[in-house]
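See structure below.
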């Protein structure tokens, strides 16, 4: 007889972005107990950091609000934030999972009133805005944060600033005695929805990211365009806060390159096409222009209409070229792009006041100690596992847009439920 399997084991979902939330909710609404683990203080992942989706240009609240409502209404989901998986042992249907949970220093009594934030003067870089601005060391991660509970940054623990936060709280929600915990859980199947991270643009040395303040990444540009972002939605140059009206978008920044990421990240073309429309909206008088430097535009299926619309926009110019290097015009702070236009085969030195790098997608699981039987592809994306009880969902499985992430997560949830049911039948038969 096989070792016993716990009755009604839960489905563990690792990652609380759009994919993890979808997988957890689909399984929970089928009656399955779910443990949803997220390493940051709030759900939503990188989707929450977008300004708009393509191709409809609606705000991410469209999808996240519905999912948060479903989550609040479903008692089958146990949520653990600020937690990371450190070990998974066992077999399909019977996994032992070890988690490390960091302290938030704010407990469940929090009413999100903001008194602690008003009392604290210390500042930290704002992770939600990719460090483009700073926030107080007692903070609510963003307006749609779930759970709606403040966080005390560990940098002020043990200082008078932390005591100010505690003294300001009228409901005794600030708990400075919280410590890191190690938890052991049981799961019947595991879904890795760990998402993606932007490729480190500083590694693309000819483009000067990190040296030239007016070179930003596509994910940073999302925050700059958002009215809730660091510049209130005004498209301004980081160097001098002057309006950016001549913006270059460089495709495949780190993707499809043997020196960086070999794979196509699939979303970059559409991200830049979308962002040209942010420029149009920011300057209704059409005083601004966008230039897309591209190898080729990869827009498929329903996205081709959006591609055609942007191509017809007189404020957008396309240059078929892989930019060779970027130099700084020290006189005015502008950036000079050097390369060869492969359609006309002539060299150019084009000047722009802001450059946006469409950086590639890397799996967030890079550097994470995954179980030995989890199989990755050559780019590090998760393909599955040898024992058949662990799956990847969304961008953890490969470069995907939000729509395809949701589809992938739904499929992963169904696979996870099947594994648990199969294990239960096998146990009953033994």
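In the numbering used here, the protein residues as written are 1273 to 1702. Glycine included, each C-beta is placed from N, C-alpha and C at the ideal position.
Where do the ends of the alpha helix (DSSP H) carrying residue i lie?
i            : result
residue 1676 : 1674–1701
residue 1290 : 1290–1300
residue 1545 : 1540–1554
residue 1416 : Looking at the DSSP string, residue 1416 is not in any alpha helix (DSSP H), and its letter there is neither H nor E.
residue 1629 : Looking at the DSSP string, residue 1629 is not in any alpha helix (DSSP H); the run it does join, the beta strand (DSSP E), is 1626–1631.
residue 1433 : 1432–1440
residue 1665 : Per DSSP, residue 1665 belongs to no alpha helix (DSSP H) and is neither H nor E.
residue 1582 : 1576–1583
Do residue i and residue j have their C-beta atoms within less than 7 Å of each other?
i            : j            : result
residue 1244 : residue 1283 : What the structure shows of the chain is the stretch from 1273 to 1702, and residue 1244 is not part of that stretch, so it cannot be assessed.
residue 1685 : residue 1677 : no
residue 1408 : residue 1389 : yes
residue 1286 : residue 1352 : no
residue 1322 : residue 1553 : no
residue 1562 : residue 1588 : yes
residue 1317 : residue 1460 : no
residue 1354 : residue 1373 : yes
residue 1510 : residue 1450 : no
residue 1293 : residue 1339 : yes
residue 1703 : residue 1398 : Because the chain is modelled from 1273 through 1702, residue 1703 falls outside the range shown and cannot be assessed.
residue 1634 : residue 1469 : yes
residue 1499 : residue 1508 : no
residue 1348 : residue 1392 : no
residue 1458 : residue 1281 : yes
residue 1295 : residue 1681 : yes
In chain order, what residues of the same chain have a beta carbon less than 8 Å from the beta carbon of residue i, not counting five sequence neighbours either side?
i            : result
residue 1363 : 1659, 1661
residue 1275 : Any reading at residue 1275 needs caution, since the residue's pLDDT is 40, under 50, leaving its predicted position unreliable; the model's value is listed next. If we look at residue 1275 and ignore the five residues flanking it on each side, its Cβ neighbours are 1366.
residue 1656 : 1646, 1647, 1662, 1663, 1664
Among residues of its own chain, excluding the 5 on either side of residue i, which ones have a beta-carbon nearer than 6 Å to its beta-carbon?
i            : result
residue 1480 : 1487, 1598
residue 1297 : 1342
residue 1277 : Unreliable placement is indicated for residue 1277, whose pLDDT of 43 sits below 50; no coordinate value is reported for it.
residue 1590 : 1564
residue 1403 : 1397
Whose C-beta lies closer than 7 Å to the C-beta of residue i among residues of the same chain, with five residues either side of it excluded?
i            : result
residue 1441 : 1387, 1388
residue 1396 : 1406, 1407, 1409, 1425, 1427
residue 1415 : 1500
Just reading off the beta strand (DSSP E) that residue i is part of, what are its end residues?
i            : result
residue 1656 : 1654–1657
residue 1588 : 1588–1592
residue 1648 : 1646–1648
residue 1282 : 1282–1286
Uninterrupted beta strand (DSSP E) stretches inside the stretch 1343–1407 (no shorter than 3 residues): 1349–1352, 1355–1363, 1366–1373, 1395–1397
Beta strand (DSSP E) segments (min. 3 residues) lying fully within the stretch 1306–1344: 1306–1309
Cβ pair count under 8 Å reaching 3, the stretch 1630–1645 against the stretch 1604–1616: no
The stretch 1627–1636 contacting the stretch 1487–1498, beta-carbon criterion three pairs below 8 Å: yes
Stretch pair the stretch 1521–1533 + the stretch 1563–1570: three plus CB contacts closer than 8 Å: yes
Any 3 or more C-beta pairs closer than 8 Å across the stretch 1416–1423 and the stretch 1373–1384: yes
Contiguous alpha helix (DSSP H) assignments of at least 4 residues, all confined to the stretch 1461–1548: 1490–1497
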